[in-house]
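Those protein sequences? They're chains A and B, same order as listed. According to the working numbering, numbering within the first sequence proceeds without interruption in unit steps and concludes at 197. According to the working numbering, numbering within the second sequence proceeds without interruption in unit steps and concludes at 394.
Protein chains: 2
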Amino acid sequence: MSAGEQRERKPRADVQRNRAALLETAQRHFLQHGVGTSLEAVAKEAGVGPATLYRHFPTREALLAAVLQTRSEELVARQADIDQLGDPAEALEQWLRAMEEYFSAFSGLPDPLMAAARAQEPDNPLTIPCDILISATDQYVRAAQLAGRVRASVRGHDLFLAACSVAWIKGTGTEEESLDRLRTLIASGYRQRDTQA
Amino acid sequence: MSAGEQRERKPRADVQRNRAALLETAQRHFLQHGVGTSLEAVAKEAGVGPATLYRHFPTREALLAAVLQTRSEELVARQADIDQLGDPAEALEQWLRAMEEYFSAFSGLPDPLMAAARAQEPDNPLTIPCDILISATDQYVRAAQLAGRVRASVRGHDLFLAACSVAWIKGTGTEEESLDRLRTLIASGYRQRDTQA
DNA sequence: CATCAAACGGATGCTGCCTCCGTATGTATT
DNA sequence: AATACATACGGAGGCAGCATCCGTTTGATG
Chain A
1 MSAGEQRERK PRADVQRNRA ALLETAQRHF LQHGVGTSLE AVAKEAGVGP
51 ATLYRHFPTR EALLAAVLQT RSEELVARQA DIDQLGDPAE ALEQWLRAME
101 EYFSAFSGLP DPLMAAARAQ EPDNPLTIPC DILISATDQY VRAAQLAGRV
151 RASVRGHDLF LAACSVAWIK GTGTEEESLD RLRTLIASGY RQRDTQA
Chain B
198 MSAGEQRERK PRADVQRNRA ALLETAQRHF LQHGVGTSLE AVAKEAGVGP
248 ATLYRHFPTR EALLAAVLQT RSEELVARQA DIDQLGDPAE ALEQWLRAME
298 EYFSAFSGLP DPLMAAARAQ EPDNPLTIPC DILISATDQY VRAAQLAGRV
348 RASVRGHDLF LAACSVAWIK GTGTEEESLD RLRTLIASGY RQRDTQA
């Protein structure tokens with residue numbers, strides 16, 4: 001209490017408990033019913049009133065961002081593995097797949113994600129994740145370009161959009177085979193042709 | 198009443214009138230607020246009760262399909278122009294742009310469209326339009342492939358998905374410049390390289 | 001003008017969103 | 001252990017949109 005410690009009241013225990021229950025339930029509901037799931041139902045199943053949910057997470061996006069936190073960390077962890085790869089083209093490819101899986105975590109996720117990526121609303125809790133992903137993608141693109149494996153005209157942002165698109169289509173229930181064809185099409189689009197000049 | 202004529206009662210005049218008013222209003226609302234617009238509001242502004250709207254168009258998709266009818270016809274009309282072009286690669290390109298514009302008619306349109314394209318629900322009034330578009334795309338693809346301008350591995354369905362994706366991204370409010378970059382990426386993906394062996 | 005099927009539309013029940021406010025709960029103090 | 005107090009809780013309620021039922025109106029017909 002002496003050394004600069006503000007000596008603030010310890011936060012209540014139920015706050016943490018409710019928050020955890022909400023996150024756990026929300027994740028399940030997002031998984032089962034997509035990002036548009038009923039928040040009222042989430043609250044009820046978590047054993048709290050609607051107001052408690054809204055107090056913890058003022059908007060659907062805030063809840064979504066919080067639930068996504070775990071997955072974001074997994075994505076960052078994957079980056080370490082990917083960076084180990086010697087081949088920058090392979091690294092880019094794997095990174096794109098990792099991002100796509102992240103976008104496909106819940107059906108309907110790409111929409112709020114794009115909304116966040118577009119506008120510069122700093123209050124949208126999904127904006128920061130998006131910005132990070134775009135610049136990370138740009139890193140991988142540049143590395144692959146230096147190795148002459150990716151066209152010079154390509155930007156990280158382009159492939160971010162492409163990955164988001166594929167995730168969106170995936171979310172609409174398209175068969176995996178069609179998705180693979182689309183991925184191949186995109187890959188042909190950004191890869192530098194070997195038979196150059 | 199003799200010659201096989203079933204002599205059925207002439208349909209009431211208000212039916213036609215209400216239907217027309219609903220379509221006109223619905224188009225305006227879809228344009229302004231996207232495909233998710235309030236059907237109640239549409240009915241009210243068209244000067245009819247909710248029940249009348251639902252009697253004419255049992256589902257949102259039915260109304261959407263009816264409103265889209267006009268645009269579909271415009272698309273067919275464009276086909277005539279496109280078919281005039283000598284260059285099959287150019288024809289494919291223009292066709293893809295035409296489809297993309299069609300998909301972008303209303304914000305949020307790509308979602309129900311993809312839903313219709315995916316499942317074989319013959320009762321979904323959007324399924325037929327989708328099937329037509331896919332096979333039309335396939336025609337253009339084949340023609341361009343015969344001319345050696347498009348990779349052999351590409352299918353019409355792939356480019357249908359790609360066009361739908363671009364339209365989806367457009368609907369999320371992304372800047373036109375980013376869209377152009379994405380279109381270019383896709384084009385690089387399907388075009389046959391000139392420096393072939 | 002009378003008839004009657006066809007179409008209409010208001011009322012209604014439902015679900016989900018979000019907020020207000022009286023109440024309960026956990027922490028700190030004595 | 002009991003009290004004081006801030007903090008968090010949650011039910012109630014207002015609102016909007018969907019979709020349907022059913023009593024009433026409308027307009028084609030003879």
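For glycine and all other residues, C-beta sits at the position ideal for the given N, C-alpha and C. Only a predicted model underlies this, so the values are computations on that prediction, with no experimental measurement involved.
- A direct Cα-Cα distance of roughly 31 angstroms separates alanine 77 of chain A from aspartate 14 of chain A.
- For the segment 314 to 333 of chain B, residues whose beta-carbon sits nearer than 9 angstroms to a beta-carbon of chain A comprise Ala314, Arg315 and Ala316.
- Taken atom to atom, the span from the alpha-carbon of glutamine 79 of chain A to that of tryptophan 95 of chain A is near 7 angstroms.
- DSSP places threonine 59 of chain A outside any alpha helix (DSSP H), giving it a letter other than H or E.
- Under the three-state reduction of DSSP output, valine 245 of chain B falls in the coil class, being neither helix nor strand.
- Of the residues B:Asn321, B:Pro326, B:Val245 and B:Val338, the one whose Cα lies closest to the Cα of glutamate 287 of chain B is B:Val338.
- CA-to-CA, the gap between arginine 378 of chain B and tyrosine 190 of chain A works out to about 11 angstroms.
- The residues Glu61, Ala62 and Ala65, in chain order, have a CB closer than 7 angstroms to that of proline 125 of chain A in the same chain once the five nearest residues on each side in sequence are set aside.
- A straight-line Cα-Cα distance of about 17 angstroms links leucine 358 of chain B and serine 104 of chain A.
- When only Cα atoms are considered, leucine 53 of chain A and alanine 116 of chain A end up about 22 angstroms apart.
- Under the three-state reduction of DSSP, valine 351 of chain B is assigned to coil, being neither helix nor strand.
- Under the 10 Å beta carbon count, aspartate 355 of chain B is surrounded by 16 or more other beta carbons and is classified as buried.
- Going by beta carbons, arginine 348 of chain B and aspartate 335 of chain B fall outside the 8 angstroms limit.
- Under the Cβ criterion of 8 angstroms, isoleucine 186 of chain A is counted among the residues facing chain B.
- Closest in alpha carbon position to leucine 289 of chain B, among B:Asp328, B:Pro309 and B:Ala344, is B:Ala344.
- For isoleucine 82 of chain A, the nearest beta carbon of chain B is not closer than 8 angstroms to its own beta carbon.
- Arginine 78 of chain A carries a helical assignment under DSSP once its states are collapsed to helix, strand and coil.
- Assigned with DSSP and collapsed to three states, arginine 191 of chain A falls in strand.
- Listed in chain order, the non-local C-beta contacts of valine 42 of chain A below 6 angstroms within the same chain comprise Thr25, Ala26 and His29, local neighbours out to five positions each way being set aside.
- Proline 88 of chain A is positioned such that its CB atom lies closer than 8 angstroms to that of alanine 144 of chain A.
- In the three-state reduction of the DSSP assignment, phenylalanine 300 of chain B falls in the helix class, which pools H, G and I.
- Close partners of arginine 348 of chain B in chain A (Cβ separation under 9 angstroms): Leu185 and Ser188.
- Glutamate 237 of chain B sits in a helix when the DSSP states are folded into three classes.
- Arginine 380 of chain B has its alpha-carbon roughly 13 angstroms from the corresponding atom of alanine 295 of chain B.
- Under the DSSP assignment, proline 110 of chain A falls in the alpha helix (DSSP H) whose first and last residues are 110 to 118.
- Close partners of histidine 33 of chain A in chain B (Cβ separation under 9 angstroms) are lacking, with about 16 angstroms as the shortest Cβ gap.
- Here isoleucine 329 of chain B is exposed. Its C-beta has fewer than 16 other C-beta atoms within 10 Å.
- In the three-state scheme derived from DSSP, where H, G and I count as helix and E and B as strand, leucine 323 of chain B is classed as coil.
- Around the beta carbon of isoleucine 383 of chain B, 16 or more other beta carbons lie within 10 angstroms, which makes this residue buried.
- Residue-level contact check: glycine 36 of chain A does not touch chain B, since none of the beta carbons of chain B fall below 8 angstroms from its beta carbon.
- In the assembly as shown, glutamate 271 of chain B is an exposed residue. Its beta-carbon has fewer than 16 other beta-carbons within 10 Å.
- Residue-level contact by beta carbon holds for histidine 157 of chain A and chain B, with a gap shorter than 8 angstroms.
- The beta carbon of threonine 172 of chain A falls within 8 angstroms of a beta carbon belonging to chain B, placing the residue at that interface.
- Taking the Cα positions, leucine 265 of chain B is about 43 angstroms away from arginine 149 of chain A.
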